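Okay, structure first, notes after.
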Amino acid sequence: MLSRRDFLRASVGATVAVWMWGGSGESQAQPIRIGHQLDRTGAVALFGRWHNRALDAAIRLVNKQHGINGRPVELVNSEDSQTKPDVGKDEFEKLVTQKRADFVIGSVFSGTNIATAPLAKTLKTVYFPQGIATDITERFGNRYTFKSYHTVRAAIEAAHEWVFANLGKRFTIVHSVIDLGRSQAEDWTEKIKAAGGTVERIPVPFPAPTDLFSIIQKIDLSKTDVLYHAFTAVETARFLQAALDQNLQATVKILGLIEGIDILSTADPSLEGTYFISGYPRRADQVPEELRDFDREYRRHVGITLDGFSVENPREVVPIADLFGSWQAVFLIKQAAELVNWRSKSDTPALIRALEGLTMPASVNFPQGAQFLRAQDHLVFHDHYIEKVEGGQLTVLARLPKEKSLYKTNADYTKEEF
Amino acid sequence: MLLLALLNGLVWGCLWALLALGLALIYGTLGILNLSHGAFYMVGALLGWLLTPALGFWGALVVAPGLVGLAGLALARLTRLERNTTAALLMTFALMLIIQQIAAIALQAATGELRHPIASPVRWPIPVGDRFYDGYRLIAAAIASAVLMGLGVLWGLTRWGCCVRAVRDNRDLASIVGVPVLWVQWGTFGLGAALAALAGALVGPIAREVSPTMGVEVLLVSVLIAVAGGMGSFGGALAVAFVYSFLENLLTVLADPMLARASALFAIGLIALVRSQGELFS
Amino acid sequence: MRRWAVLVGLAGAILLPWLWEGAALWVINLFIWSLVALSLNVLYGYTGLLSFGQGVYMALGAYGAAWAIIYAQANFWGALLSGLLCALVGALIVGWGSVRASGYSFVVVTLVTAFICYLVALSADSITGGEDGMSFRAPALTLFGLALPGHSVGVRYYLALGALLVGVGVVYLVSRSLVGLALRAVRDDAIAAASLGYDIFKVKVFSFVLAGGLAGVAGAVWALSKEFVRAGLFQPFGAFMAAQPDPDPLIAVLVGGAGTLLGPLWGTGILLVLRELFGSFWPQGYVLALGVAIIVLRPRY
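Protein chains in written order, with the working numbering: chain A, 12 to 429; chain B, 11 to 292; chain C, 124 to 424.
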């Protein structure tokens with residue numbers, strides 16, 4: 012009979028053995044290590060998996076391009092950030108201190124980004140958060156955090172003129188009370204007020220209630236041109252479905268960020284006729300002419316079909332635009348590291364200075380098009396698109412050049428010490 | 011607008027009543043707080059979705075609660091839930107964890123994700139003013155209230171109802187006069203589970219999705235309702251379920267959705283706290 | 124032999140952050156969650172009061188520390204003290220109102236209270252950060268005139284270790300004292316205890332507040348170590364919403380042995396080891412194993 016104590020001894024022993032075995036496998040080779048704060052489980056697990064795939068593909072491409080400064084690049088994954096800020100932060104620490112990551116690509120979950128940012132500075136490691144909360148480039152970022160894909164504020168800045176001119180200025184904003192929703196509501200309110208429009212805001216608890224009926228009841232159709240929604244991906248689907256139940260799609264124009272439906276098929280009737288602000292067209296034939304060669308390469312490397320689905324599973328939608336954040340972060344590192352001949356982490360301040368104000372031409376490394384990284388808030392600016400679901404397919408209505416998303420920032424990280 | 015809010019309040023009142031009643035029945039006869047109630051609700055929604063291709067939605071609506079009810083009865087028997095100790099309560103806690111996790115594993119294996127959309131079985135949009143009301147909800151409410159009335163008849167007029175009340179009031183005495191106490195207890199547990207599952211299967215097409223954790227919050231809210239209604243009383247649970255539902259829907263439309271949910275739950279919670287100080291304790 | 128083992132274990136525990144930093148990060152979690160389980164054991168194991176709401180006092184401790192740092196720029200010790208005080212006050216209020224309930228009623232009250240606290244924390248998101256939570260920087264720890272960075276692994280580790288040792292010490296002293304006897308008397312037979320002259324109400328309130336205080340310290344240490352708090356800490360069964368739940372204190376107590384001094388520590392360790400083991404080959408099996416463990420172990424009280 013195994014007593015409780017024997018069992019304990021055995022299990023502790025076993026874990027220690029597993030650890031030692033795993034720990035001793037690390038080699039003393041020379042590769043540059045890029046860490047990934049990977050959420051394998053939890054709300055953003057699907058995004059985590061795809062970002063990891065994009066990173067893997069990007070690093071294989073870098074190694075084909077003779078690595079960085081001639082050194083090979085290696086991807087090191089964290090165990091599991093679990094879509095939890097406190098766990099993600101510990102995983103970041105382990106990536107840097109134990110797995111000796113030189114750079115870390117962050118979680119897609121803004122909460123994890125915000126919790127991790129101060130530690131990136133403490134550990135003097137460049138960190139590329141992948142959440143789209145504006146705060147990571149304003150209040151909560153620092154000299155070591157770089158945002159390689161848009162934030163909420165940049166997207167709204169880019170789109171607001173087109174939206175006011177083409178859809179209307181009388182808004183009803185239904186938003187989740189988490190930061191992702193609230194920040195969109197606040198930024199839009201400011202823009203609408205400045206343009207002389209009207210805005211009605213309806214905050215929705217998070218997680219959203221099982222039944223959204225009464226919330227949709229609150230929308231006053233006679234005072235609404237544009238119904239704007241700001242939810243997490245899962246809740247957006249339920250919101251649009253509930254709106255369809257009350258036939259709102261027929262009476263108002265429905266708008267949101269593409270992040271809300273990033274992993275949803277657009278064939279669902281509740282999406283028909285709705286508008287989205289996106290960072291990149293989902294379908295290859297909607298990509299601007301001059302970027303199509305790069306687009307084809309990018310899709311081939313990551314494993315995305317021309318319609319935006321996974322190559323292996325033709326029913327799985329790939330968050331194609333979102334992945335640029337991770338893909339391009341790798342090439343940002345490459346471009347800056349080669350500029351300053353980065354050798355070890357003691358060269359990181361020089362690399363940060365090189366990144367600040369860097370411009371990137373369109374190429375297979377930057378398939379999203381020509382971009383630049385603003386020095387003050389460490390945010391990359393790229394083109395945006397307005398897409399509409401027509402006949403079950405996302406179709407581009409307008410391309411908004413990156414200069415349009417250039418808003419005035421309050422941050423200035425360049426004044427911070429290293 | 012107000013009319014629709016009231017109507018929706020009525021629909022949800024029926025559904026909450028089903029849930030709270032199941033919980034109250036189990037408390038009355040077994041004397042335990044069934045923490046796996048939310049899990050049975052979730053299984054109801056899950057089975058409703060799984061069985062629909064084979065049996066059609068209406069068939070699934072009958073079979074899913076039936077299956078869950080039988081499973082509940084078997085589980086109550088196997089884990090000897092009738093022993094009125096803290097252990098029984100912890101057993102239901104364990105059941106909650108196990109059921110929830112099996113559902114998560116199954117759903118992940120079947121669909122690759124932890125949540126799955128559910129389509130509405132009927133398309134019956136009723137035009138009201140400048141928008142529509144989903145007619146399925148009325149059908150769901152009708153079914154729920156029919157079941158509630160049936161239960162009322164069972165409770166008040168049949169031998170079974172008499173036995174249940176006897177066990178609730180005095181177990182030993184009931185046993186002496188020949189009531190099969192154990193079977194009444196196990197059967198009531200099964201019935202409570204079946205009610206939760208029916209509620210889950212009915213809510214599925216309203217919530218438009220199933221997920222393994224959908225029962226957690228439902229459990230807490232139905233505990234609040236059942237306790238506020240005075241655990242073990244039929245009418246109390248019913249009344250509080252409707253009060254809660256009307257409050258939530260009306261406040262959402264008239265005030266702020268944030269405030270509505272919090273204050274409706276807060277109100278019921280306070281009643282529950284006061285109540286559990288009073289009669290529950292004696 | 125036994126004494127040597129204890130000495131080697133203690134020495135290992137003290138030197139761990141110097142020897143193996145990665146393991147230290149893991150052990151910090153073990154210490155903190157052990158302290159939470161220890162606190163619940165005072166309530167459930169020693170006094171026989173089953174609670175599903177112990178997370179509330181951990182959350183109050185965490186928020187107490189966070190608020191002190193964010194709004195009052197408190198130093199390290201100030202934050203800890205603030206966490207402890209918040210939890211103590213909360214436990215006193217809830218305990219005073221709830222321990223008269225016995226058996227299931229008490230369980231219901233703890234559950235309802237926790238749910239209400241969670242709702243309040245969600246609604247008051249301007250000060251709690253809601254589900255997003257709030258992050259902050261842990262202040263430097265000043266000790267004997269030395270200022271140590273608050274977020275270093277060493278400081279976090281020794282803080283957690285120290286808190287756990289103090290917690291174990293307090294529980295040991297209490298359990299050996301007359302008060303400890305009173306707790307067990309109330310647990311085993313409340314009527315007999317009353318007839319012996321114990322004031323059952325006072326004994327229970329004491330147990331509730333002691334448990335709350337210990338959980339509060341654990342929460343404050345958690346917050347200082349993670350530099351982060353969120354409203355979800357209050358949520359009853361909230362841990363089980365995550366794919367890889369943190370060690371549930373109640374299950375830890377049941378697994379390790381309720382009413383024993385070090386049982387909760389072993390229990391927490393087993394849960395964390397299980398999570399680690401399952402995590403490598405079948406992450407979803409962990410919660411399943413927890414459920415089966417409760418049924419197999421057949422709780423005593």
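Every residue gets a Cβ at the ideal spot worked out from N, C-alpha and C, and that includes glycine.
Note that the structure is a prediction, hence the values are computed from the model and not measured.
Item	Value
Would you kindly work out how many angstroms separate the C-alpha atoms of MET371(A) and THR127(A), rounded to a whole number?	27 Å
On the CB-based measure, 16 or more other CB atoms within 10 Å of its CB, does ASP140(B) come out buried or exposed?	exposed
Which residues, in chain order, does the segment 216-227 of chain B contribute to contact with chain A at a C-beta distance below 7 Å?	ILE216, ALA217, ARG218 and GLU219
Could you tell me whether the segment 280-287 of chain A touches the segment 304-323 of chain A, where touching means 3 or more Cβ pairs closer than 8 Å?	no
Thinking C-alpha only, which one of PRO267(B), LEU13(B) and LEU28(B) is nearest GLY160(B)?	LEU28(B)
So within the segment 176-248 of chain A, which uninterrupted beta strand (DSSP E) runs reach at least 3 residues, ignoring any that extend past its ends?	181-187, 209-215 and 237-241
Under 8 Å, Cβ to Cβ, is there at least one residue of chain A near GLN358(C)?	no
Once you ignore the five residues that flank LEU164(B) on each side, which residues in its own chain have a CB closer than 7 Å to its CB?	TRP170 and GLY171
Is the distance from the Cβ of THR236(C) to the Cβ of VAL217(C) below 8 Å?	yes
In terms of residues, what are the limits of the beta strand (DSSP E) holding ARG385(A)?	382-385
Give a yes or no on contact between the segment 129-147 of chain A and the segment 336-351 of chain A, applying the rule of three or more CB pairs nearer than 8 Å.	yes
Any C-beta of chain C sitting closer than 8 Å to the C-beta of ALA247(B)?	no
What does the alpha-carbon distance come out to for the pair ALA272(B) and PHE357(C)?	15 Å
Give me, in chain order, the residues of the same chain whose beta-carbon lies closer than 6 Å to that of TYR309(A); leave out the 5 immediate sequence neighbours on both sides.	PRO378
Decide yes or no for the touch test of the segment 70-90 of chain B against the segment 247-255 of chain B: beta carbon pairs closer than 8 Å, at least 3 of them.	no
Return the bridge partner residues of HIS47(A) from the DSSP annotation.	ASN88(A) and ILE116(A)
Distance check for LEU66(A) and ALA366(C), CA to CA, integer angstroms please.	24 Å
Taking the alpha carbon of GLU123(B) as the reference point, which residue from LEU45(B), VAL220(B) and VAL174(B) has its own alpha carbon closest?	VAL220(B)
Within the segment 195-238 of chain C, note down every full alpha helix (DSSP H) run reaching 4 residues or more, in order along the chain.	199-221
What are the partner residues of THR52(A), as DSSP defines its beta bridges?	In the DSSP output, where bridge partners are listed per residue, THR52(A) has none listed.
Quick one: grab the DSSP three-state call for LYS135(A).	coil
Once the 5 residues before and after ALA15(B) are set aside, which same chain residues still bring their CB inside 6 Å of it?	ASN259, LEU260 and VAL263
For the segment 146-154 of chain C against the segment 279-287 of chain B, are there 3 or more C-beta pairs whose distance is under 8 Å?	no
Which residues, in chain order, does the segment 309-320 of chain C contribute to contact with chain B at a C-beta distance below 8 Å?	none
What is the C-beta distance between ALA30(B) and ALA207(B), in whole angstroms, given that I count them as a contact (C-beta under 8 Å)?	Actually they are not in contact, since the Cβ atoms of ALA30(B) and ALA207(B) sit about 15 Å apart, beyond 8 Å.
Which of helix, strand or coil does DSSP assign to SER321(A)?	strand
Determine the burial state of VAL189(B): buried for a count of at least 16 other Cβ atoms within 10 Å of its Cβ, exposed for fewer.	buried
What residues in the segment 148-160 of chain B have a beta carbon less than 8 Å from any beta carbon of chain A?	none
Can you give me the Cβ contacts of ARG218(B) inside the same chain, cut-off strictly under 7 Å, excluding the 5 residues immediately before and after it?	PRO127 and ILE128
Between the beta-carbon of LEU99(B) and the beta-carbon of VAL230(C), is there less than 8 Å?	yes
Assuming TYR169(C) and LEU306(C) form a contact by the criterion Cβ under 8 Å, report the distance between their Cβ atoms to the nearest whole angstrom.	4 Å
Using a C-beta to C-beta distance shorter than 8 Å, which residues of chain B count as neighbours of VAL188(A)?	MET268
I want to verify the contact list: residues of chain C whose CB lies under 9 Å from the CB of PRO214(A), in sequence order.	Result: empty, since nearest Cβ-Cβ is about 10 Å, beyond 9 Å.
Please tell me whether LEU66(A) has its Cβ less than 8 Å away from any Cβ of chain B.	no
Taking GLU254(C) as the reference, which of ARG60(A), ASP190(A), THR183(A) and ALA68(A) has the closest Cα?	ASP190(A)
If you reduce the DSSP assignment to three classes, tell me which class ILE155(C) lands in.	helix
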